[in-house]
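J.: The structure is given below, and queries will be raised subsequently.
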Amino acid sequence: MILTLLSHQWKSFWRSRNAGRSLAIQIVLGLIIAYLLASILTIGFTFPHMLHKFYPGQDIVRIFCSFIFYYYSFDVVLRFTLQELPVLSTQPYLGQNIPKRKLVAFLNIRSLFHFLNLVPLFLFLPFAFMEMAHAYGAAGAAGFIATIIFLTIFNNFLILYIKRRTIVSSWWLVGFFAAIMAFIVLDYFHIISLGKWSSASFIRLLSAPSLVLIPVALGLAAWFNNYRFLLGNLYLDEGIAAEKEKTSREYTWLEQMGLSGELIALDIKLILRNKRPKYILRLSALFMAYGLIFYTKDNLKEPHMYIFLFTGIFVTGIFIINYGQFLFAWHSNYFDGLMSSNISLPAWIRSKFMLYTAVSTIIFIITSFYGLISWKLLVTHLAAWLYNIGINSVISVYLATYNYKAIDLSKSATFNYQGTGAVQWVYSFALILAPYVFFYPLARFVDPWVGFAAVGGLGLISLLLQNWWVDILVREFRKRKYLVLAGFREK
Amino acid sequence: MLSIIDTVKSYNGNIVVNIPQLDIPTGEIIGLVGNNGAGKTTLFRLLLDLIRADKGEILSKEKNVAVSEDWKGYTAAYLDEGFLINYLTPEEYFYFIGKLHQRSKADVDEFLQNFEAFFDGSILNSGKYIRDLSKGNQFKVGIAACLLQQPELLTLDEPFANLDPSSQLRLIRMLKELPAQQRVTVLISSHDLNHVTEVCHRILLMEKGRIIKDIDTTADTLQELESYFEV
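Going down the list, the sequences are from chains G and U.
The first sequence begins at 1 in our numbering and counts up by one.
The second sequence begins at 1001 in our numbering and counts up by one.
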């Protein structure tokens, strides 16, 4: 029975409208996933080599083990943002002659088919075979592998359980994040050390493989806990009714800005109340820290400054890049209504500019903490921010007039490529690469700082010309309005 | 109010709407009837400038709807759920629509009091987003939002289809009172011949994109229509 249900899931995945439509997207997507897994596997295989290089003469198994708890803590956060609850898919089966416990078991098994459950295997198992089997014998390595598998299962079901709980009461969410923060802070100030705990536990495990019973018990307990909770809560209405009362919200400060403010308020509600845009918001927040990877001492020397334009555009423009690729399509469900209601096209487009300016400015202010690393970053971010609100916002709206693919807001977010087409592939490239057209020659032949000045200056000029842009964009949108409308109607 | 001149719309060579000339004077209630595929919804979409006509023009108050945006200020329409912003609560949606027509919140609240019976207690303060309402209730939200705009031209696509019997009767009463009070021109399509003949002053019968009958409603109209639809 469970196999039949799984085969239905498989079919629903392949036969969903967005899956069947474009083979090219699937191939690209498949390649991306394969690439990711291959990279992770490569990291897994090069672990022994890297550890030998960075920690010569030390016990690399011990060092390796100290990473594992950190990984699983990170995994918890990743799962919390990326993993979704496989709930609704049971609806058609509830009325059939299938025992509930089978449905619940199915839900649990279904949740194991997730990218994040593969990652630890790819990351840690090569090391187990290459090093641990040597040092601690087959039994030790086998115990380690089993531990990895069951810890993954433990994390998987723990997070699903917490997420299900947070649907009922948001206090679970607060508690969860408080706990995570507490761990990070305590570890940062060396009051506790996850690394030490980690290496101590795993070394112990390697020498006494029977300890594997502990993670196995943890994994099974998490599974059973989830099972029990679901069994008691598998009612259609409860999942929904347990959600809190929906209340009306008004953003008075926005309303004072007239029609455009009202439209921005609409965008804000759209983002906060629908899964997929909300996911994009979270992703954007995560990517604000992206600069940390690049802003190292070495990179801060002038010859390496080319990368700073990219990071600046990416960090301060993350919202434009992510949200903007479906700028109009987010509204596709009711675009007929919007276009026949009393909203003039200039006001519609102006509201998009205002939204971009507001959000990018907020991001610019938040990410100004990079200025603590070096004042240079503040300057590069300033230039990139001006370019984003001045020019990228225009490119974004312009490309939105070419996007004819609808988005179903009610669908979940991860690996949802509905509405993705050629425009989206062009989109990010256009936003990120175009500034290099101005920047590169100046930076190469004159000075990087002149390049940044040019990028920022162009952004500023374009920003001052915004009313002119609005007229042009309205004209462009009119040309393709019917195509956009027809595309959005086709769901 | 409305003139449709020499308008043709076709998809892949099939003509869906073909109207050489149609004038709709202010204050009339027009019923559009016809079997599925007759072109009723397409005609509505043409009126609202949601699709481009292959040929011809549609004038609303002497202005081409595809060129000027003036019609948006006095036209209200509800064709399907695609006109509702489904992640808003009904109140938020009404305030939003009210705002587009410069009506304050207090104004909207006062207006909505007239709809208490129509809403039957299941729409306002329901603690739900529009997407969580039933089809019928969503329709009620759409209709109320239209009336809230105090339109001069009101367009409803099959307004009776999703409503319960009492709401259908209430809607009929509201529609009948409209032109008398505010000189509103109303355009509705329906498969319910009884309701249409009761509400409308004039009935347009569509078949394959053409208006084949243009009848001023009399006591015999219902019979005439029934004999057409009888196969």
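Note that the Cβ used here is the ideal one computed from N, Cα and C, for glycine as well.
Cutting at 6 angstroms between CB atoms, please list the residues of its own chain near Val359(G), excluding the five before and the five after it.
T.: Against the first sequence, residue 359(G) aligns to sequence position 359. So the qualifying residues of the chain are Phe319.
J.: Could you check what DSSP says for Thr316(G) in three-state terms: helix, strand or coil?
T.: Translated into positions along the first sequence, residue 316(G) becomes position 316. Thr316(G): helix per DSSP, three-state reduction.
J.: Does the segment 198-215 of chain G come close enough to the segment 146-156 of chain G that 3 or more CB-CB pairs lie under 8 angstroms?
T.: Segments in contact, yes.
J.: In the DSSP output, which residue or residues are listed as bridge partners for Val1186(U)?
T.: The count along the second sequence starts at 1 and reaches residue 1186(U) at position 186. For Val1186(U), which the question treats as bridged, DSSP gives the partners Ile1029(U) and Leu1154(U).
J.: Can you tell me the Cα-Cα spacing of Glu84(G) and Ile1130(U), whole angstroms?
T.: The count along the first sequence starts at 1 and reaches residue 84(G) at position 84. The count along the second sequence starts at 1 and reaches residue 1130(U) at position 130. About 24 angstroms.
J.: Can you check whether the CB of Ile1024(U) is closer than 8 angstroms to the CB of Thr1007(U)?
T.: Start at 1 with the first residue of the second sequence, and residue 1007(U) comes out as number 7. Start at 1 with the first residue of the second sequence, and residue 1024(U) comes out as number 24. No.
J.: When DSSP builds the beta bridges, which residues end up paired with Met288(G)?
T.: If you number the first sequence from 1, residue 288(G) lands on position 288. For Met288(G), which the question treats as bridged, DSSP gives no partner whatsoever.
J.: Under 8 angstroms, do Asn1137(U) and Ile1123(U) count as touching if we go by C-beta distance?
T.: Reading the second sequence from its first residue, position 137 is the one you call residue 1137(U). Reading the second sequence from its first residue, position 123 is the one you call residue 1123(U). Their beta carbons are under 8 angstroms apart, which means Asn1137(U) touches Ile1123(U) by this criterion.
J.: Counting beta carbon pairs with one atom in the segment 309-326 of chain G and one in the segment 266-286 of chain G, are three or more of them shorter than 8 angstroms?
T.: With the cut-off at 8 angstroms, the segment 266-286 of chain G and the segment 309-326 of chain G touch.
J.: For the segment 357-373 of chain G and the segment 437-450 of chain G, state whether three or more C-beta atom pairs, one from each stretch, are separated by less than 8 angstroms.
T.: Output reads no: the segment 437-450 of chain G does not touch the segment 357-373 of chain G.
J.: Is there a C-beta anywhere in chain U that falls below 8 angstroms from the one on Glu262(G)?
T.: Translated into positions along the first sequence, residue 262(G) becomes position 262. Answer yes: the Cβ-Cβ gap between Glu262(G) and chain U drops below 8 angstroms somewhere.
J.: Quick one, are the C-beta atoms of Leu1235(U) and Leu1187(U) less than 8 angstroms apart?
T.: Residue 1235(U) lies beyond the range of chain U shown here (1001 to 1231); nothing can be said about it.
J.: Closer than 8 angstroms by C-beta to Ser1190(U): which residues in its own chain qualify, once you throw out the five before and the five after it? Chain order, please.
T.: Position 190 of the second sequence holds residue 1190(U). For Ser1190(U), where only same-chain residues beyond five positions count, the Cβ hits under 8 angstroms are Gly1031, Leu1032, Val1033, Glu1158, Pro1159, Phe1160, Ala1161 and Val1196.
J.: Check whether the Cβ of Thr1089(U) lies closer than 8 angstroms to any Cβ atom in chain G.
T.: Reading the second sequence from its first residue, position 89 is the one you call residue 1089(U). Yes, Thr1089(U) counts as interfacial toward chain G.
J.: Taking all protein chains shown into account, do 16 or more other C-beta atoms lie within 10 angstroms of the C-beta of Tyr1011(U), making it buried, or fewer, making it exposed?
T.: Counted from its first residue, the second sequence places residue 1011(U) at position 11. The residue in question, Tyr1011(U), is exposed, as its Cβ has fewer than 16 Cβ neighbours within 10 Å.
J.: Around the Cβ of Ser1227(U), are there at least 16 other Cβ atoms within 10 angstroms (buried) or fewer (exposed)?
T.: What you label residue 1227(U) is simply residue 227 of the second sequence in a count that begins at 1. So Ser1227(U) counts as exposed.
J.: Let's test the definition: count the other Cβ atoms within 10 Å of the Cβ of Gln325(G) and tell me whether it reaches 16, buried, or not, exposed.
T.: As a working mapping, residue 325(G) is identified with position 325 in the first sequence. Buried is the call here.
J.: At least one CB of chain G closer than 8 angstroms to the CB of Ala1144(U): is that the case?
T.: Within the second sequence, the letter at position 144 stands for residue 1144(U). Answer no: the Cβ-Cβ gap between Ala1144(U) and chain G never drops below 8 angstroms.
J.: Can you tell me whether Leu1205(U) is helix, strand or coil according to DSSP?
T.: Translated into positions along the second sequence, residue 1205(U) becomes position 205. It is a strand residue.
J.: Please check if any C-beta of chain G sits within less than 8 angstroms of the C-beta of Arg1052(U).
T.: Taking the second sequence and counting its residues from 1, one reaches residue 1052(U) at position 52. It does: the Cβ of Arg1052(U) has a partner Cβ on chain G nearer than 8 angstroms.
J.: Taking the C-alpha atoms as reference points, what is the distance between Ser312(G) and Asn117(G)?
T.: Here residue 312(G) refers to the residue found at position 312 of the first sequence. Here residue 117(G) refers to the residue found at position 117 of the first sequence. The sequence given here places Gly at residue 312(G); Ser does not occur at that position. Rounded to whole angstroms, Gly312(G) to Asn117(G) spans 33 angstroms at the Cα level.
J.: Measure the C-alpha to C-alpha separation of Gly195(G) and Phe477(G) and round it to an integer number of angstroms.
T.: For this step, residue 195(G) is matched to residue 195 along the first sequence. For this step, residue 477(G) is matched to residue 477 along the first sequence. Distance between the alpha carbons of Gly195(G) and Phe477(G): 56 angstroms.
J.: Less than 8 angstroms between the beta carbons of Leu309(G) and Thr380(G), yes or no?
T.: Against the first sequence, residue 309(G) aligns to sequence position 309. Against the first sequence, residue 380(G) aligns to sequence position 380. Their beta carbons are under 8 angstroms apart, which means Leu309(G) touches Thr380(G) by this criterion.
J.: Residues of chain U with CB closer than 9 angstroms to the CB of Val274(G), please, in chain order.
T.: Along the first sequence, read from residue 1 onward, the residue named residue 274(G) stands at position 274. What sits at residue 274(G) in the sequence shown is Asn, not Val. Neighbours of Asn274(G) on chain U, chain order: Tyr1087.
J.: Can you name, in chain order, every residue of its own chain whose Cβ lies under 8 angstroms from the Cβ of Val474(G), other than the five neighbours on each side?
T.: In the first sequence, residue 474(G) corresponds to position 474, counting from 1. Here the set comprises Leu345, Pro346 and Ile349.
J.: Inspect the beta-carbon positions of Phe122(G) and Gly175(G) and report whether they are closer than 8 angstroms.
T.: Stepping through the first sequence from its first residue, residue 122(G) is reached at position 122. Stepping through the first sequence from its first residue, residue 175(G) is reached at position 175. Not closer than 8 angstroms, so no.
J.: According to DSSP, is Ala242(G) helix, strand or coil?
T.: Mapped onto the first sequence, residue 242(G) falls at position 242. Model confidence at Ala242(G) stands at a pLDDT of 45, short of 50, so the residue's coordinates are unreliable; what they give is reported in the following sentence. Here Ala242(G) sits in coil by DSSP.
J.: In the DSSP assignment, find the beta strand (DSSP E) that holds Lys1009(U) and state where it starts and stops.
T.: Here residue 1009(U) refers to the residue found at position 9 of the second sequence. From DSSP, the beta strand (DSSP E) with Lys1009(U) extends over Leu1002 to Tyr1011.
J.: Name the residue from Ser340(G), Ser248(G) and Ala221(G) whose alpha carbon lies nearest to the alpha carbon of Glu1069(U).
T.: As a working note, residue 1069(U) is residue 69 in the second sequence. Comparing Cα-Cα distances from Glu1069(U) to each of Ser340(G), Ser248(G) and Ala221(G), the minimum goes to Ser340(G).
J.: Note down the Cα distance separating Gln58(G) from Gly140(G), rounded to an integer number of angstroms.
T.: Counting from one through the first sequence, the residue named residue 58(G) turns up at place 58. Counting from one through the first sequence, the residue named residue 140(G) turns up at place 140. Going from the Cα of Gln58(G) to the Cα of Gly140(G) covers about 20 angstroms.
J.: How is Leu272(G) classed by DSSP in three states: helix, strand or coil?
T.: Within the first sequence, numbered from 1, the residue matching residue 272(G) stands at position 272. In this structure, Leu272(G) counts as helix in the three-state DSSP scheme.
J.: Measure the alpha-carbon distance for Val76(G) versus Ile2(G) and round it to whole angstroms.
T.: Sequence index remark: in the first sequence, residue 76(G) carries index 76 (1-based). Sequence index remark: in the first sequence, residue 2(G) carries index 2 (1-based). In a straight line, the C-alpha of Val76(G) is about 27 angstroms away from that of Ile2(G).
J.: Suppose contacts are defined by Cβ-Cβ distances below 8 angstroms. Is Val1016(U) in contact with Gly1142(U) by that definition?
T.: The sequence position of residue 1016(U) within the second sequence is 16, counting from 1. The sequence position of residue 1142(U) within the second sequence is 142, counting from 1. Cβ distance not < 8 angstroms, so Val1016(U) and Gly1142(U) don't count as in contact.
J.: With a CB to CB cut of under 6 angstroms and the five nearest residues on each side skipped, what residues in its chain are close to Leu41(G)?
T.: Residue numbering aside, residue 41(G) sits at position 41 when the first sequence is read from its first letter. Closer than 6 angstroms at Cβ, skipping near neighbours: Phe122.
J.: Hey, quick one: how far does the beta strand (DSSP E) through Thr1075(U) stretch, first residue to last?
T.: As a first step, residue 1075(U) must be located in the second sequence, where it is residue number 75. First-last of the beta strand (DSSP E) with Thr1075(U): Thr1075 to Tyr1078.
J.: Could you check which residue in Asn1036(U), Ile1005(U) and Leu1205(U) has the C-alpha nearest to that of Asp1054(U)?
T.: Translated into the one-based positions of the second sequence, residue 1054(U) becomes position 54. When each option's Cα is compared against that of Asp1054(U), the closest is Ile1005(U).
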